[in-house]
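Right, dumping it as structure tokens:
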């Protein structure tokens with residue numbers, strides 16, 4: 001024996017379906033905001049004040065950087081406009097996931113030769129951003145973001 005489908009049943013099914021959809025959306029939105037605040041800089045206006053001058057000084061150096069990964073060994077090369085290895089006064093590298101902040105790594109880089117460094121890292125498969133910060137001999141700040149893909 002089957003029961004008749006009434007207006008109350010249809011209303012309960014519709015309200016239940018929308019409650020599930022809204023509940024899932026709220027959970028997903030909460031997880032997205034908790035894992036990635038979306039904040040690159042505290043004040044875009046203040047950061048923009050010096051951006052053009054710093055960008056021009058960095059471009060005048062003509063430095064290029066390359067990053068590769070062989071197993072757990074990270075290799076960084078930094079060259080000037082003539083292709084010669086660069087020896088910056090200061091050098092730092094941070095590996096970040098594009099989607100969240102919890103996996104950030106700060107590998108210790110050891111110099112191999114002029115313009116070449118290596119370090120040990122353990123990176124999960126997927127996309128990574130390497131944020132390179134260096135200081136030239138003349139005090140010019142160099143900031144580069146290098147993409148890095150780690151296969152499975």
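In UniProt numbering, the protein residues as written are 1 to 152. A virtual CB, placed ideally from N, CA and C, is assigned to each residue, including glycine.
- Residue burial is scored here from C-beta neighbours: residue 147 has fewer than 16 other C-beta atoms within 10 angstroms and is therefore classed as exposed.
- Counting only residues of its own chain and dropping the five nearest sequence neighbours on each side, residue 107 has a CB closer than 8 Å to the CB of 74, 93, 95, 119, 120 and 121.
- The stretch 82 to 119 is shown to contain whole beta strand (DSSP E) runs of 3 or more residues at 90 to 96 and 110 to 113, in chain order.
- Fully enclosed alpha helix (DSSP H) runs of no fewer than 4 residues occupy 44 to 61 of the stretch 9 to 91, in order along the chain.
- By the Cβ neighbour-count rule, residue 62 is exposed, with fewer than 16 other Cβ atoms within 10 Å of its own.
- Counted as a single uninterrupted DSSP element, the beta strand (DSSP E) harbouring residue 143 occupies residues 141 to 150.
- The Cβ atoms of residue 130 and residue 87 lie no closer than 8 Å to each other.
- In terms of Cα proximity to residue 84, the closest of 135, 104, 134 and 65 is 65.
- Taking C-alpha positions only, residue 151 is separated from residue 6 by approximately 55 Å.
- Contact check for residue 36 against residue 101 passes: the beta carbons are separated by less than 8 Å.
- For residue 132, the enclosing beta strand (DSSP E) covers residues 126 to 135.
- Annotated as proximal: residue 47 and residue 41, with beta-carbon spacing under 8 Å.
- With contacts defined by Cβ atoms closer than 8 Å, residue 133 and residue 145 do not form a contacting pair.
- The C-alpha of residue 57 lies about 11 Å from the C-alpha of residue 135.
- Note on geometry: alpha-carbon atoms of residue 4 and residue 27 lie some 35 Å from one another.
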